[in-house]
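Just so you know, the sequences run in chain order A and B.
Going by our numbering, the first sequence opens with residue 1, and the numbers climb by one from there.
Going by our numbering, the second sequence opens with residue 444, and the numbers climb by one from there.
Data block below; observations after.
There are 2 protein chains.
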Amino acid sequence: MKRLVVVGGGFGGLTVCRALRGTPIDVTLVDRVNHHLFQPLLYQVAMAGLSPAEIAYPIRSAFRDDPRVRVLLGEVVAIDRDLRTVRLLDGETLGYDWLVVAVGAQNDWFGKESTWGARSLGLKSIDDAVEIRRRVLLAFEAAEREADSASRDRLLTFVVIGGGPTGVEVAGALAELARTVLARDFRVIRPESARVVLVERGTRLLPGGFDPRSAESAQRQLAELGVEVRLGAEVRDLDDSGVALADGRVECATVLWTAGVRARALTARLGGVTDRAGRVEVAQDCSLPGHPEVFVIGDAARFAPEGSAQALPGIAPVAIQQGRFVAEAIRRDLRAQPRGRFSYRDKGIMATIGRSRAVAEAGRLRFGGLLAWVAWLVIHLWYLIGFRNRFVVLFSWFWNYVAYRRGARLITGERAWERLADYGVGEEPRLPPPEDTQPGSRQ
Amino acid sequence: MKRLVVVGGGFGGLTVCRALRGTPIDVTLVDRVNHHLFQPLLYQVAMAGLSPAEIAYPIRSAFRDDPRVRVLLGEVVAIDRDLRTVRLLDGETLGYDWLVVAVGAQNDWFGKESTWGARSLGLKSIDDAVEIRRRVLLAFEAAEREADSASRDRLLTFVVIGGGPTGVEVAGALAELARTVLARDFRVIRPESARVVLVERGTRLLPGGFDPRSAESAQRQLAELGVEVRLGAEVRDLDDSGVALADGRVECATVLWTAGVRARALTARLGGVTDRAGRVEVAQDCSLPGHPEVFVIGDAARFAPEGSAQALPGIAPVAIQQGRFVAEAIRRDLRAQPRGRFSYRDKGIMATIGRSRAVAEAGRLRFGGLLAWVAWLVIHLWYLIGFRNRFVVLFSWFWNYVAYRRGARLITGERAWERLADYGVGEEPRLPPPEDTQPGSRQ
Chain A
1 MKRLVVVGGG
11 FGGLTVCRAL
21 RGTPIDVTLV
31 DRVNHHLFQP
41 LLYQVAMAGL
51 SPAEIAYPIR
61 SAFRDDPRVR
71 VLLGEVVAID
81 RDLRTVRLLD
91 GETLGYDWLV
101 VAVGAQNDWF
111 GKESTWGARS
121 LGLKSIDDAV
131 EIRRRVLLAF
141 EAAEREADSA
151 SRDRLLTFVV
161 IGGGPTGVEV
171 AGALAELART
181 VLARDFRVIR
191 PESARVVLVE
201 RGTRLLPGGF
211 DPRSAESAQR
221 QLAELGVEVR
231 LGAEVRDLDD
241 SGVALADGRV
251 ECATVLWTAG
261 VRARALTARL
271 GGVTDRAGRV
281 EVAQDCSLPG
291 HPEVFVIGDA
301 ARFAPEGSAQ
311 ALPGIAPVAI
321 QQGRFVAEAI
331 RRDLRAQPRG
341 RFSYRDKGIM
351 ATIGRSRAVA
361 EAGRLRFGGL
371 LAWVAWLVIH
381 LWYLIGFRNR
391 FVVLFSWFWN
401 YVAYRRGARL
411 ITGERAWERL
421 ADYGVGEEPR
431 LPPPEDTQPG
441 SRQ
Chain B
444 MKRLVVVGGG
454 FGGLTVCRAL
464 RGTPIDVTLV
474 DRVNHHLFQP
484 LLYQVAMAGL
494 SPAEIAYPIR
504 SAFRDDPRVR
514 VLLGEVVAID
524 RDLRTVRLLD
534 GETLGYDWLV
544 VAVGAQNDWF
554 GKESTWGARS
564 LGLKSIDDAV
574 EIRRRVLLAF
584 EAAEREADSA
594 SRDRLLTFVV
604 IGGGPTGVEV
614 AGALAELART
624 VLARDFRVIR
634 PESARVVLVE
644 RGTRLLPGGF
654 DPRSAESAQR
664 QLAELGVEVR
674 LGAEVRDLDD
684 SGVALADGRV
694 ECATVLWTAG
704 VRARALTARL
714 GGVTDRAGRV
724 EVAQDCSLPG
734 HPEVFVIGDA
744 ARFAPEGSAQ
754 ALPGIAPVAI
764 QQGRFVAEAI
774 RRDLRAQPRG
784 RFSYRDKGIM
794 ATIGRSRAVA
804 EAGRLRFGGL
814 LAWVAWLVIH
824 LWYLIGFRNR
834 FVVLFSWFWN
844 YVAYRRGARL
854 ITGERAWERL
864 ADYGVGEEPR
874 LPPPEDTQPG
884 SRQ
């Protein structure tokens, strides 16, 4: 039986495997994590609105009724296009007749990973989101303990770098977290006085894809939530105490980075042509030029529709539609029929801004405010995998909506309380930690 | 205004603060984590049945409408009984008129923390539970990748040490996870063939508190789920490949430790008399002898009712009732009335064994099987803080019950796939990790 290897269990990879159901092919799906992640809602986990398990789903479970699909937890380190094999980090080698590379994108600090990357928090994985949640909540806790008012202001200042959809969503949700959810929980600080600064290098929000009027609408809606939007603001440096912008400094303890993504490193090993963002240029049938048996889809690929210089954006609908196309192409290969060309059906784009605010565009239609938010809600719920998640997410949202609460406000991770020192709270401890504290002990 | 400092936001500490609502006292509640944890359901998080946020609740939120209560995230490192102050790790000092020490218990490996403690997993915190979940799910993933059958058997063997309620609950839930939830998700291994071994040094399960007939019932119900119960089995050693028992070795990759707890280290700094388990001996009004202004309650205290040599067990109802008593004692102090003595009203004990199995005792009544399980469900839901959690937990349970699924099966933590190497999967990688992998990048 012919063998298909799919690398990546995101929207693209998962769709390929699902759409091939019933086709007589051995399918192996390899991912570095055991769960499919509903990325569009990841910012909700970072902002304590949802729990990780509400937007993630075990990849294995998606194929429990499809015995032809084998799911492997592993990391692909090498691809041999001549031998048609992929090798995993642990040495296992998988042969293929078709290969689909759907590895997605990762945070990118444009060569400043070791400095800016260490001082700001990206948002691409569950772990990223949980770390942001921890850092944001700890900043409020540290501020509550801080006697010095300048230090307190610094702790209560949050800078979001990047005015794309993720930056807009994060900034809106963060402002709302401070102004409504946390507002009554503290005694010393007033969380609603927290400053949220959204920094965008360009002259408008939501560059690339959205209409300028949507950008203006988003900016207005963010301003209503108290977000400071700074356009045309170039980041000169990130240091330990804040962000240096071309037009001045912002002292802050927490910097979120949504300004750059690039395709995952594996794309560089395919031997094809990659663009500045590491994306592999693909042919009109989504295959690697010269290697019709290798497909690259989703955020890892640069697909420019014929006659267009503009590549398709890195969003879930593109990955899903490409996944369906590739599954069909493989079925046609089996029947020795021509594959045809992938064409993207643009069903619209949207970004949400806190609860009950959003911008959305579909064809010539543009929405803003509550109507756009409801559309966003329905569409996102529809695509969430699994009834349970759909239900729990709906309930979480509804509950947060009516009660202004957030249920997932956990600061986890070992010895969270010790992290307060990272925020400069209080003096140095005058005593060493208790000697009789036992290793492995946590509260 | 008089000042009360409460150390610990578990059942005892939280109850004291809540029961003092409306009393003119300044209350400061200090905890090392930001959430109250519903400990009795912690094993459900470890076994991927519930998400952390479903059994934990931000302590601040519990007091959002009670401005006299100040909640601090911090670690108490010293208590000065003469000056009546507690000092936090970061140097802050809090004065008190009353002090309630409700710091709870931690895992105890009886002096073998650095060896046994490093090779087995305790279950006292959210972080512990998430780590167990990760390790258990990774063991199945590693087994799916393992070619050698002896190694595979070792990966699919789980030893639970300690036959108390937690050990019984964990072993039952683990057997059920393997036999129902994971059963159809793998292609190479048969998860239902996983071996769960429950090791108890004594001659019966559920020692201390439960009737021998309940112990027999629990053992029978565990056997129905396929758990191997080994009684009278003393642990000689834990090493990297398994557990050495007095009557033979068990090769296994995962060891869960529920055999010992002791009061948290802070109790040793109170200057009172402590027992072998680190618990502080308290007077009949729950105060430290000689220091009526210092109370110790819950798992941190050893309270023996007058005329009894037997101390009350370390369970939530004891902590809650002591918390209510201490709040009343403080109110009486304010009115210069005598405090009286604490007396425990035993409302029963229960332990659950997978879905639809349990044992319960209340007075002379004993239940087993489904009836006990339903009682357990209702009582635990009733005590869960917050409507949202109650609802979500009920729904999670119901959904798991009808669909045999578990929604929280996430393997999180950085680079989970690399952990497979810890399980000896595959060869050593022949290539270094990709050079172009960027720091901070995760899928």
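Every residue gets a Cβ at the ideal spot worked out from N, C-alpha and C, and that includes glycine.
Nothing here was measured: the structure is a model prediction, and the numbers come from that model.
Annotation: the continuous beta strand (DSSP E) that includes A/Ala56 extends over Ala56 to Pro58. Chain-order list of chain A residues neighbouring B/His478: Arg409, Leu410 and Ile411, by C-beta distance under 8 Å. When the Cα atoms are used, B/Ala496 and A/Arg409 turn out to be separated by approximately 7 Å.
Between A/Val71 and A/Leu37, the gap from beta carbon to beta carbon reaches 8 Å or more. Chain B places a beta carbon closer than 8 Å to that of A/Pro67, counting this residue as a contact. By the neighbour-count definition (other C-beta atoms within 10 Å, threshold 16), A/Asp90 is a buried residue. Here the alpha carbon of A/Glu216 sits roughly 15 Å from the alpha carbon of A/Gly167.
The beta carbon of A/Val227 sits closer than 6 Å to those of Ala171, Ala175, Val196 and Leu198, all from its chain and outside the five residues before and after it, given in chain order.
The C-beta of A/Asp82 comes no closer than 8 Å to any C-beta of chain B. Within the stretch 662-690 of chain B, no residue has a Cβ lying closer than 9 Å to any Cβ of chain A.
B/Ala743 and B/Ala706 do touch by the CB rule: their CB atoms are close to 5 Å apart, below 8 Å.
Proximity of B/Pro760 to chain A, defined by a Cβ-Cβ separation below 8 Å, is not satisfied.
One alpha carbon belongs to A/Tyr344, the other to B/Val579, and they sit about 42 Å apart.
Of the other Cβ atoms in all chains shown, 16 or more fall within 10 Å of the Cβ of A/Gly9; this residue is therefore buried. Look at A/Pro52: its C-beta is under 8 Å from a C-beta on chain B. Membership of B/Pro735 in the beta strand (DSSP E) is indicated by the continuous run His734 to Val739. Under the 10 Å beta carbon count, B/Glu749 is surrounded by fewer than 16 other beta carbons and is classified as exposed. The beta carbon of B/Ala586 is closer than 6 Å to those of Arg595, Leu598, Leu599 and Ile632 in its chain, skipping five residues each way along the sequence.
Nearest to A/Val374 by C-alpha distance, out of A/Arg364, A/Gly363 and A/Met350, is A/Met350. The beta-carbon separation of B/Glu612 and B/Ile796, rounded to 7 Å, stays under the 8 Å limit for a contact.
Close to A/Arg184, with beta-carbon spacing below 7 Å, are these residues of chain B in chain order: Arg507. Contact annotation: the stretch 269-286 of chain A does not touch the stretch 239-249 of chain A, with fewer than three C-beta pairs closer than 8 Å. Residues of the stretch 116-131 of chain A with a Cβ closer than 8 Å to any Cβ of chain B, in chain order: Gly117, Ala118, Gly122, Lys124, Ser125, Ile126, Asp127, Asp128 and Val130. The alpha-carbon separation between B/Ser657 and B/Leu674 amounts to approximately 15 Å. Between A/Pro191 and B/Arg630, the C-beta gap is not smaller than 8 Å, which leaves the two residues out of contact. In its chain, beyond the 5 residues on either side, Arg87 have a beta carbon closer than 6 Å to the beta carbon of A/Ala78.
Here the stretch 804-811 of chain B makes no contact with the stretch 761-779 of chain B; the two share fewer than three CB pairs at distances below 8 Å. Annotation for B/Arg446: the continuous beta strand (DSSP E) segment containing it runs Arg446 to Val450.
Per DSSP, the beta-bridge partners of B/Gln549 are B/Arg705. In the DSSP assignment, A/Val130 falls within the unbroken alpha helix (DSSP H) covering Ile126 to Arg145.
If one requires a minimum length of 3 residues, the beta strand (DSSP E) runs lying completely within the stretch 744-828 of chain B are 792-795, 801-805 and 808-811, in chain order. Linking A/Leu256 to A/Tyr96 through their CA atoms gives a straight-line distance of about 40 Å. Contact between B/Thr701 and B/Val573 is ruled out by a C-beta separation of about 17 Å, above the 8 Å threshold.
Residue burial is scored here from C-beta neighbours: A/Thr115 has fewer than 16 other C-beta atoms within 10 angstroms and is therefore classed as exposed. The stretch 542-559 of chain B makes contact with the stretch 729-739 of chain B; the number of CB pairs closer than 8 Å reaches 3 or more. Counting the other CB atoms within 10 Å of its CB gives A/Ser308 a total below 16, which places it among the exposed residues.
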